[in-house]
Ligand SMILES: N[C@@H](CCC(=O)N[C@@H](CS)C(=O)NCC(=O)O)C(=O)O
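In the numbering used here, the protein residues as written are 2 to 229.
This is how it looks when you write it as C-alpha cells:
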C-alpha cells in the first residue's frame, strides 16, 4: 500500500500516527506541497483535488483523510474504530463534526489564508473579513466542543478508549499551532489534547508540523485570541 502525504500536512499527520500505533506498514510517497508538486500532472492523475493524503491499496485509490482512517482501521480490524453500532456512530459523529464544521472555520477560513498565498482571497479587505469570520466561528465551535462534547470525565473524545476520532481531531485542532493559537481558555480541550499528545507515537508523527510551527513563530497572525 502506498501513502501519498506531506509530513507537515494536517490531514496526513493523523494517518502517520494511527499507522504507527496500529503497526500498519506502507510505502511512503512524499508529495511536496511547498513546491506545488500536488498540482503536477502525475499527482492530479491520482487525486484531481490536488490534495494529500491519498492511499493506493492494490489499485484501489482512496482520498479523504477521514475515509482513509476508517478504511485502514477496518482493514486491520483496529479496536480504535469500534464495531458496535452506537459506539461507531459516535466516532463517525465526532469525525464529521470536526471535518465539516471545525476544519472549515479553523483551517480554511482562519489559518490557511494567512499562511498559504494561494488560499488568500482578493482583495485584502475580503481576505481579512473571512479570517475574522473564521476566528469568531472557530471560537464558537471550540466552546461547544469544550462545554458539550468534552464535558464528561472520559479521557478521549468518544469514551475511555482512544478511537480514530482522537487521532483525526487532535491533528486538525493542532493546525492552530501554525498561527500561534492557544487553547488555555478551553480547559477540557486542553486536557484531552495533552492526553493524545502524551502518546509515544505523537512526536514522530508530528515532528515536521512542530518544525513548521517553530519556523513561523515570530510572524504576526490573527489568532483565536487576537484580532488584527
Ligand atoms: N478533505 C481533505 C482535505 C485535505 C487537505 O486539506 N489537504 C491539504 C494538506 S493538509 C492539502 O493537500 N492542501 C493542498 C493545498 O492547499 O494546495 C481530507 O481530509 O483529506
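We treat Cβ as the ideally placed atom computed from N, Cα and C, and that holds for glycine.
Residue environment for residue 80: exposed (fewer than 16 other C-beta atoms within 10 angstroms of its C-beta).
As DSSP reads the structure, residue 55 sits in a beta bridge with 5, 64. In this structure, the beta-carbon distance from residue 207 to residue 14 falls below 8 Å. Between the alpha carbons of residue 210 and residue 84 lies a gap of roughly 32 Å. Residue 29 is bridged by DSSP to 4.
Burial of residue 12 is indicated by the presence of at least 16 other C-beta atoms within 10 angstroms of its C-beta. Within 10 angstroms of the beta-carbon of residue 19 lie 16 or more other beta-carbons, which makes it buried. In this structure, the C-beta of residue 95 stays at least 7 Å away from each heavy atom of ligand 1. Shown here, residue 160 sits in a strand according to DSSP, grouped into three states. Remark: the C-beta of residue 62 is outside contact range of ligand 1, defined as less than 7 Å to any heavy atom.
As the crow flies, the alpha-carbon of residue 179 is around 8 Å from that of residue 218. Per the Cβ contact rule, the region 143-154 is not in contact with the region 43-51 (fewer than 3 Cβ pairs under 8 Å). In the structure shown, residue 139 adopts helical secondary structure according to DSSP, grouped into three states. Taking all protein chains in view, the Cβ of residue 35 is surrounded by fewer than 16 other Cβ atoms within 10 Å, so the residue is classified as exposed. The Cβ neighbour count for residue 54, taken over all protein chains shown within 10 Å, is at least 16; the residue is labelled buried. Assignment of alpha helix (DSSP H) within the region 147-225, counting only whole runs of 4 or more residues, yields 165-175, 188-198, 203-206, 208-216 in chain order.
Here DSSP, grouped into helix, strand and coil, assigns residue 227 to strand.
Taking a contact to require three or more Cβ pairs closer than 8 Å, the region 84-93 and the region 151-170 qualify as touching. Secondary structure at residue 10: coil, using DSSP grouped into helix, strand and coil. For residue 93, the enclosing alpha helix (DSSP H) starts and ends at 86-97.
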